[in-house]
Amino acid sequence: MPNSTQPAPLIIVGSGLAAYTLVREWRKQDPDTPLTLITADDGAGYSKPMLSNALGKGQSPDDLIQMPVDKVAEQYRARILTHTRVTHIDPTTQTLQLDKGEALSWGRLVLAVGAEPIQAPLEGDAVDRVMSINNRLDFQAFYERLSDRKKVVIMGAGLIGCEYANDLASAGYQVELVAPSESLLTGLVPEQVGQALKAELEALGVRFHLGPLVSRVDRGEADSLTVSLTNGQQLKADVVLSAVGLRAKVDLARAAGLEVNRAIKVDKYLQTSNPNIYALGDCAEVEGLVLQFVMPLMNAARSLAKTLAGERTPVHWPAMPITVKTPACPVIAYPPRGDGAWQIDGEGANLAAVCRQGDAVIGFALSGDRIKERNTWLKAVPPLLAT
1 MPNSTQPAPL
11 IIVGSGLAAY
21 TLVREWRKQD
31 PDTPLTLITA
41 DDGAGYSKPM
51 LSNALGKGQS
61 PDDLIQMPVD
71 KVAEQYRARI
81 LTHTRVTHID
91 PTTQTLQLDK
101 GEALSWGRLV
111 LAVGAEPIQA
121 PLEGDAVDRV
131 MSINNRLDFQ
141 AFYERLSDRK
151 KVVIMGAGLI
161 GCEYANDLAS
171 AGYQVELVAP
181 SESLLTGLVP
191 EQVGQALKAE
201 LEALGVRFHL
211 GPLVSRVDRG
221 EADSLTVSLT
231 NGQQLKADVV
241 LSAVGLRAKV
251 DLARAAGLEV
261 NRAIKVDKYL
271 QTSNPNIYAL
281 GDCAEVEGLV
291 LQFVMPLMNA
301 ARSLAKTLAG
311 ERTPVHWPAM
321 PITVKTPACP
331 VIAYPPRGDG
341 AWQIDGEGAN
351 LAAVCRQGDA
361 VIGFALSGDR
371 IKERNTWLKA
381 VPPLLAT
């Protein structure tokens, strides 16, 4: 363990938006406590939401780097171990083991390990060619695969699938999207809003296959792929992108004896079942909520920074809408938690859908030019998590 003349270090596992937001906010209040970050990637600072809008803006993976890892380390006085994985956490001795053989001691530990793409069960001899994008290095591999290729099949009609469909189509790629749902953004918006988005993406050139699943991906002629659907249809593709959802990374926490459910269980202070271990971001389940979106993540990081600096601060999540970055038809949604009745106003792509439970507004979804009503409806809905 560290000697008594030096504060025990804070160790953060992860280097994504959650981790770096925490580091920035915490260092404002605690400039002295030793800090170590451990990351499986290159540690470069970037904004993950920019990945799904980069192609349409002509941006390369390197263009997305906002701060190289050496600058991050210098600015925040941190030791950053890149391309390194934690293999074991021992809460009793407050140590962790790295894949490179080193063991580190910590005073407090923050798990900001994120989530991983769900892998759809597929058959075929080209399953290894199916790609997912969950970080900048994934995007770099996707970007390189796209070189001189034009046909992309996307699996999934959720937020990520729709954003990439819009971005790829606007960058000149031929895009086909496959999903078992009858509409887009199911679970986030009512069907009419999903259909409005679908119509605008179709006008951009995206072709949809809603209803079937992808069952096989096989090698075709030359470097092409054959994508087989459960309805018997076959699509030709150069690249297949899977965007069927994310699953919180919980294996490390579970092996350490921490309580996990859909994600790592934490209280309003982001404290796990071990008082010296915290979890933040896509890997955390806060009072039963798993919110894998930017605004809740950054809000929670600011609260945790205060707690780690000595001012115990519970997470308070006001009403924070989800912004779907589809320029062909922008969408802002605040999905209701509970049953209610949708009332939809507008025409074409410009819709305002409001969900009411009795007289209370419990959710909304706005599309097209109706997104300007965002603040009006935000004032009417309940908070995500009250203090």
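Counting from 1, position 95 in the sequence shown corresponds to residue 95 in the UniProt record's numbering; the numbering is continuous, with no gaps. C-beta: ideal position from N, C-alpha, C; glycine also.
In this model, R216 and R129 are separated by some 11 Å (Cα to Cα). In the DSSP assignment, W342 falls within the beta strand (DSSP E) that extends over A341 to E347. Cβ-Cβ separation between N166 and P327: approximately 6 Å, consistent with a contact (criterion under 8 Å). With fewer than 16 other Cβ atoms inside 10 Å of its own Cβ, G58 counts as exposed. Boundaries cannot be given for K249, as no alpha helix (DSSP H) includes it and DSSP labels it neither H nor E. Rounded to whole angstroms, the separation of the alpha carbons of A103 and L252 is 15 Å. Per DSSP, the unbroken alpha helix (DSSP H) holding M295 starts and ends at V294 to L308. The DSSP-derived three-state label of T92 is coil. Inclusion of P336 and G358 in the CB contact set at 8 Å is not warranted, their separation being larger than that value. Comparing C-alpha distances from D138 to each of K48, H316, W26 and N274 shows the shortest one belongs to K48.
The residues M131, R145, L146, R149 and V152, in chain order, have a CB closer than 7 Å to that of V239 in the same chain once the five nearest residues on each side in sequence are set aside.
If you draw a straight line from the Cα of P9 to the Cα of R262, it is about 29 Å long. Minimum Cα-Cα distance from R85 among the listed residues V13, P68 and A19 corresponds to V13. Taken through DSSP and simplified to helix, strand or coil, I133 comes out as coil.
Minimum Cα-Cα distance from K28 among the listed residues I371, A365 and A305 corresponds to A305.
Every alpha helix (DSSP H) of 4 residues or more that sits fully in the region 148-210 is shown, in chain order, as 159-170 and 191-203.
Collapsing the DSSP output to three states places V240 in a strand. If you check the CB distance, L225 and A126 come in under 8 Å. T376 carries a helical assignment under DSSP once its states are collapsed to helix, strand and coil. Per DSSP, R27 is one residue of the alpha helix (DSSP H) stretching across L17 to Q29.
Looking from the CA of N276, the closest CA among T186, A319 and T93 belongs to T93.
Taking the Cα positions, D339 is about 26 Å away from D267. Secondary structure note for A73: it is in no beta strand (DSSP E), and the uninterrupted alpha helix (DSSP H) holding it is V69 to Q75. Excluding residues up to 5 positions away in sequence, L111, A248, V250, A253, L258, T272, A279, C283, A284 and E285 lie with their Cβ nearer than 8 Å to the Cβ of I264 in the same chain.
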